[in-house]
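A.B. asks: Chains L and B, in that order, give the protein sequences.
All residue numbers for the first sequence refer to my numbering, where the first residue is 1312 and numbers rise by one.
All residue numbers for the second sequence refer to my numbering, where the first residue is 23 and numbers rise by one.
Pasting in a structure now, in structure tokens, and then I'll have a few things to ask.
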Amino acid sequence: MRSELILEVRSLVKHFDIGGGLLGRGRAVAKAVDGVSFTLHRGETLGLVGESGCGKTTLARCVLQLERPTAGQVLFEGRDLTRLSEGALRPIRRRLQVIFQDPYRSLNPRMTVGQVIAEPLAVHAIAADRRRRSERVGELLAQVGLGPQHASRYPHELSGGQRQRVGIARALALEPSVIVCDEPVSALDVSIQAQIVNLLDELQQSLGLAYLFVAHDLAIVRHLAHRVAVMYLGKIVEIADRDTLYATPRHPYAQALLAAAPIPDPLADAARERPVLRGEVPSPLAPPPGCTFHPRCPIAIPECAEQVPPLREVAAVHWAACLRA
Amino acid sequence: MAPLLAVRDLRTEFATRGGVVRAVTGVSWDVNEGETVALVGESGCGKSVSALSVMRLIEGPAGRIVGGRVLFKGRDLLALSEAEMQRVRGREIAMVFQEPMTSLNPVLSIGRQLTEGPEIHLGLAPAAARARAIELLAMVGIPDAARRLRQYPHQLSGGMRQRLMIAMALACSPSLLLADEPTTALDVTIQAQILELLRDLTQRLGAALLLITHDLGVVARYADRVNVMYAGRIVEQARARPLYASPCHPYTIGLLRSVPRLDEPRRECLEAIGGQPPDLGRLPRGCAFEPRCGARVDRCTVERPDLEVIAPEHSAACWQAARACDLS
């Protein structure tokens, strides 16, 4: 049985007005997120994969209300965040945290690691006295595999992997139930990526966290996610349980993404069929008509240029937006 | 046959406020005509500095090539005058960088950037250089070449910009192309397009390719031979298939184990390499990988291992290589 529903995104839309030419001529709207729905349950990881410009980061920011969506709902622990004021959002943000891709740019260089981690505790008036706060910082450092000696260091004195651990400790400080992870390991070295992936995994098991895990590395996503959604040009084109999606992808874009990912073994890689997808991701300012993937699709038929394929259940709990899936 | 490029005992250092950083400390590797060789390693391992040293593009006065030889077609590039070196760059050895936007000139038209090389190096007249530019754009798969010549780099997508970089690099038909993380900034499906393009074109033009990357999957797919670097040194050197089938250096073994693979069953836990890469300004006396190594013995802390032949065309710099190789 599924655990309790904790986050539900319904028909989320985020359009960006791109200021066009003089006198408002040629104004354009980029449909960065164009009607996305999904659910996330307690203790679960939903992987969100896609290429740059597919809207996955905008979607993550809309979930966090760092961007206010144009339409749709973000139901977190039962409340629609899109209707809440900044003030009303503040206590909710304790429970909905984020880890960014580049831990260096997301940590204040003038604050020590201890101060970085203690800041949310102070802002939310948790562990009010100084001694309690420093104890909590010590606990959090230990939880992410750092030592008490790291509390007095500055971010530039740490390696990339250690900085990402600090970013995770800060996110954990307020005991969230959901953490949005936006490409949390893609800026790290290969040998460090596995350390952070394992840490995220352990933390989920010990704390019952749910992750919305945004990434482009399909192998990392397969390792961490329970369910996976594939995005293309602002829409989810396929969503299924991890094993189902990786074993039997139904959308041609998901199939192409999986085929394009190289395998670190020359023999195994040479044995695979790997058709190279032609063309590029179209601009969200001028998406193609019908299915936005049809100009690049190896199995497109004339109808694909006319009809927008709905996300439909192609097998049990396996959804794909393709006329031919 | 002598290799096209033979790097011998190359040493490059940088003077920093914290002292001397030995970015490359005595590396030797070859590229034969027409083959693809990989320099693979993580950030700070010295792979990019190695390539920049070959091109003599290390920025002084902080950076300096302090030793070694770079023999290209038998000539030591490190002994050439700057004027002679300029005739090598672009003409005989060309480079493709990771981030096309930082290596393209934003205020020059695409046409100008493509015709400059052929005009200077090959002495082509403007009309002939323009014809060459159109030919190059078509070759790298940029449609509508004549119109593109009047455009500027910002009007191209990331993938198209990288195609343009490749066109520029190939403009004078070099015999060696150095590609430094050529697809790292690109999306998975575009990455595949660009790598296939690089492979097809170098094969068609008979150029050799040095592929600098951190991506073990890319290396597996494209390289004939591989040099694995760690902390400024080559720790393992082999043909690609034996390297992946039976890696001998504990670092290589650890790297290959730490990446999840889509072709294998999902594992409960990734086998991470513990610890952090070393500070190049304060390298240990012994093996630089020793603090993170599961196979270390006492000797590793006091004596640095050199590359030793383990099998034909397969070398590793590890006191325990023979044992590690059996275990892998």
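Every residue gets a Cβ at the ideal spot worked out from N, C-alpha and C, and that includes glycine.
The model shown is predicted, which means the values in this text are computed figures rather than measured ones.
If you measure between the beta carbons of L/Pro1575 and B/Val281, is that distance less than 7 angstroms?
C.D. replies: If you number the first sequence from 1, residue 1575 of chain L lands on position 264. If you number the second sequence from 1, residue 281 of chain B lands on position 259. Yes, the pair counts as a contact, with Cβ atoms nearer than the cut-off.
A.B. asks: Taking CB distances under 7 angstroms as the criterion, tell me whether B/Ile275 reaches chain L.
C.D. replies: As a position in the second sequence, residue 275 of chain B is number 253, starting the count at 1. Chain L, which has no Cβ nearer than 7 angstroms to the Cβ of B/Ile275, makes this no.
A.B. asks: Under the DSSP definition of a beta bridge, which residues are partnered with L/Met1542?
C.D. replies: Sequence index remark: in the first sequence, residue 1542 of chain L carries index 231 (1-based). Per DSSP, L/Ile1547.
A.B. asks: Should L/Ala1438 be listed as close to the ligand MG, given that the test is whether its C-beta is under 6 angstroms from any heavy atom?
C.D. replies: The model on display carries no ligand, and the ligand MG is accordingly not part of it.
A.B. asks: Quick one: which residues of the stretch 103 to 120 of chain B get their C-beta closer than 8 angstroms to a C-beta of chain L? List them in chain order.
C.D. replies: none
A.B. asks: Looking at chain L, which residues of the stretch 258 to 290 of chain B have a Cβ within less than 9 angstroms of any of its Cβ atoms?
C.D. replies: Ala262, Arg263, Leu265, Tyr266, Ala267, Tyr273, Gly276, Leu277, Leu278, Arg279, Ser280, Val281, Pro282, Arg283, Leu284, Asp285, Glu286, Arg288, Arg289 and Glu290
A.B. asks: Pull up the distance between the alpha-carbon of L/His1534 and that of B/Ala116, whole angstroms please.
C.D. replies: Counting from one through the first sequence, the residue named residue 1534 of chain L turns up at place 223. Counting from one through the second sequence, the residue named residue 116 of chain B turns up at place 94. Rounded to the nearest angstrom, the two C-alpha atoms are 39 angstroms apart.
A.B. asks: Please state whether the Cβ-Cβ distance between B/Leu217 and B/Ala193 is less than 7 angstroms.
C.D. replies: Within the second sequence, the letter at position 195 stands for residue 217 of chain B. Within the second sequence, the letter at position 171 stands for residue 193 of chain B. For B/Leu217 and B/Ala193, no; Cβs fall outside 7 angstroms.
A.B. asks: Assign B/Gly439 to one of two classes, buried (16 or more other C-beta atoms within 10 Å of its C-beta) or exposed (fewer than that).
C.D. replies: Here chain B comprises residues numbered 23 to 350, so residue 439 of chain B is not present and cannot be evaluated.
A.B. asks: Say whether chain B places a C-beta atom closer than 7 angstroms to the C-beta of L/Val1587.
C.D. replies: Mapped onto the first sequence, residue 1587 of chain L falls at position 276. Yes, L/Val1587 lies at the interface with chain B (some Cβ there is under 7 angstroms from its Cβ).
A.B. asks: Pull the bridge partners of B/Glu35 from the DSSP assignment, please.
C.D. replies: Residue 35 of chain B sits at position 13 when you count from the first residue of the second sequence. According to DSSP, B/Glu35 bridges with B/Arg44 and B/Arg86.
A.B. asks: For the stretch 238 to 248 of chain B against the stretch 32 to 39 of chain B, do three or more pairs of beta-carbon atoms, one drawn from each stretch, fall closer than 8 angstroms, so that the two count as touching?
C.D. replies: Cβ pair count under 8 angstroms is below three, so no.
A.B. asks: Name the two residues that bound the continuous alpha helix (DSSP H) containing B/Gly276.
C.D. replies: The residue labelled residue 276 of chain B in the question sits at position 254 within the second sequence. Going by DSSP, B/Gly276 is part of the alpha helix (DSSP H) stretching over Pro272 to Ser280.
A.B. asks: Quick one: Cα of L/Met1312 to Cα of L/His1352, how far?
C.D. replies: Position 1 of the first sequence, counted from the first residue, corresponds to residue 1312 of chain L. Position 41 of the first sequence, counted from the first residue, corresponds to residue 1352 of chain L. Any answer about L/Met1312 is weak, because its pLDDT of 45 lies below 50 and its placement is not dependable; what the coordinates show is given next. Approximately 11 angstroms, taken between the alpha carbons.
A.B. asks: Output the boundary residues of the alpha helix (DSSP H) element that contains B/Glu286.
C.D. replies: As a working mapping, residue 286 of chain B is identified with position 264 in the second sequence. B/Glu286 -> no alpha helix (DSSP H), and no H or E assigned at all.
A.B. asks: Would you mind working out which of B/Trp51, B/Glu138, B/Ala338 and B/Glu293 sits nearest B/Arg326, comparing C-alpha positions?
C.D. replies: Start at 1 with the first residue of the second sequence, and residue 326 of chain B comes out as number 304. Measuring from the Cα of B/Arg326, the nearest candidate turns out to be B/Ala338.
A.B. asks: For the beta strand (DSSP E) that contains L/Arg1589, what are its first and last residues?
C.D. replies: To locate residue 1589 of chain L, count along the first sequence from 1; it is residue 278. Per DSSP, L/Arg1589 belongs to no beta strand (DSSP E) and is neither H nor E.
A.B. asks: Should L/Arg1474 go down as buried or exposed, given a rule of 16 or more other Cβ atoms within 10 Å for buried?
C.D. replies: Taking the first sequence and counting its residues from 1, the one referred to as residue 1474 of chain L is at position 163. Taking all protein chains in view, the Cβ of L/Arg1474 is crowded by 16 or more other Cβ atoms within 10 Å, so the residue is classified as buried.
A.B. asks: Please tell me whether B/Leu79 and B/Asn249 are closer than 7 angstroms, where the distance is taken between their beta carbons.
C.D. replies: The residue you call residue 79 of chain B lines up with position 57 of the second sequence. The residue you call residue 249 of chain B lines up with position 227 of the second sequence. Taking 7 angstroms as the Cβ cut-off, B/Leu79 and B/Asn249 do not qualify as a contacting pair.
A.B. asks: Which residues mark the beginning and the end of the alpha helix (DSSP H) in which B/Gly133 is found?
C.D. replies: Here residue 133 of chain B refers to the residue found at position 111 of the second sequence. Segment Ile132 to Leu144, the alpha helix (DSSP H) holding B/Gly133.
A.B. asks: Using a cut-off of 8 angstroms between C-beta atoms, extract the partners of B/His236 located in chain L.
C.D. replies: In the second sequence, counting from the first residue as 1, residue 236 of chain B sits at position 214. Against B/His236, the close residues of chain L are Asp1500 and Val1501, in the order they occur along the chain (beta-carbon pairs closer than 8 angstroms).
A.B. asks: Step through the CB atoms of chain L and report whether any lies within less than 7 angstroms of the CB of B/Thr206.
C.D. replies: Locating residue 206 of chain B in the second sequence gives position 184, where the first residue counts as 1. By this cut-off, B/Thr206 is not an interface position.
A.B. asks: Among residues of its own chain, excluding the 5 on either side of B/Val324, which ones have a beta-carbon nearer than 8 angstroms to its beta-carbon?
C.D. replies: Here the question's residue 324 of chain B lines up with position 302 in the second sequence. Contacts found: Arg307 and Gly308.
A.B. asks: Go ahead and pull the three-state DSSP assignment for L/Val1628.
C.D. replies: Along the first sequence, read from residue 1 onward, the residue named residue 1628 of chain L stands at position 317. It is coil, neither helix nor strand.
A.B. asks: So, is B/Asp202 buried or exposed, given that buried needs 16 or more other C-beta atoms within 10 angstroms?
C.D. replies: Residue mapping note: residue 202 of chain B aligns to position 180 of the second sequence, counting from 1. The residue is buried, with at least 16 neighbouring Cβ atoms inside 10 Å.
A.B. asks: For B/Ile212, go through chain L and note every residue whose CB falls closer than 7 angstroms to its CB, in chain order.
C.D. replies: Within the second sequence, numbered from 1, the residue matching residue 212 of chain B stands at position 190. The contacting residues are Glu1591.
A.B. asks: If contacts are defined as beta-carbon pairs under 8 angstroms, then B/Ala28 and B/Leu93 qualify, I think. What distance do you get, rounded to the angstrom?
C.D. replies: On the second sequence, position 6 is the one that residue 28 of chain B refers to. On the second sequence, position 71 is the one that residue 93 of chain B refers to. 4 angstroms between Cβ atoms; contact.
A.B. asks: For B/Arg314, which residues of its own chain have a beta-carbon under 7 angstroms away from its beta-carbon, when the five flanking residues on both sides are left out?
C.D. replies: The residue labelled residue 314 of chain B in the question sits at position 292 within the second sequence. These residues qualify, in order along the chain: Ile295, Gly296 and Gly297.
A.B. asks: Need the endpoints of the alpha helix (DSSP H) that B/Gly5 sits in, please.
C.D. replies: There is no way to answer for residue 5 of chain B, as the model of chain B reaches only from 23 to 350.
A.B. asks: Go through the stretch 1572 to 1616 of chain L residue by residue and report every complete run of the beta strand (DSSP E) that reaches 3 residues or more, in order.
C.D. replies: none
A.B. asks: If you check the beta carbons only, do L/His1461 and L/Val1424 fall under 7 angstroms apart?
C.D. replies: Here residue 1461 of chain L is taken as the residue at index 150 of the first sequence, counted from 1. Here residue 1424 of chain L is taken as the residue at index 113 of the first sequence, counted from 1. Against a cut-off of 7 angstroms, the Cβ pair of L/Val1424 and L/His1461 comes out as a contact.
A.B. asks: Could you give the distance in angstroms between the alpha-carbon of B/Arg289 and the alpha-carbon of B/Thr137?
C.D. replies: Working through the second sequence from its first residue, we reach residue 289 of chain B at position 267. Working through the second sequence from its first residue, we reach residue 137 of chain B at position 115. Spanning the two alpha carbons is a distance of roughly 52 angstroms.
A.B. asks: Say whether chain B places a C-beta atom closer than 7 angstroms to the C-beta of L/Leu1520.
C.D. replies: Position 209 of the first sequence holds residue 1520 of chain L. Not closer than 7 angstroms to any Cβ of chain B, the Cβ of L/Leu1520 fails to qualify, so no.
A.B. asks: When the Cα of B/Gly356 is compared with those of B/Thr211, B/Val71, B/Gly96 and B/Leu284, which residue comes out closest?
C.D. replies: Nothing can be reported for residue 356 of chain B, as the shown portion of chain B is limited to 23 through 350.
A.B. asks: Would you say L/His1278 reaches chain B, if we count a Cβ-Cβ gap shorter than 7 angstroms as a contact?
C.D. replies: In the structure as shown, chain L starts at 1312 and stops at 1636, and residue 1278 of chain L therefore has no counterpart that could be examined.
A.B. asks: Apply the 10 Å Cβ neighbour rule to L/Ser1488 and answer buried if 16 or more other Cβ atoms are within range, or exposed otherwise.
C.D. replies: Here residue 1488 of chain L refers to the residue found at position 177 when the first sequence is read from its first residue. Buried: at least 16 other Cβ atoms inside 10 Å.
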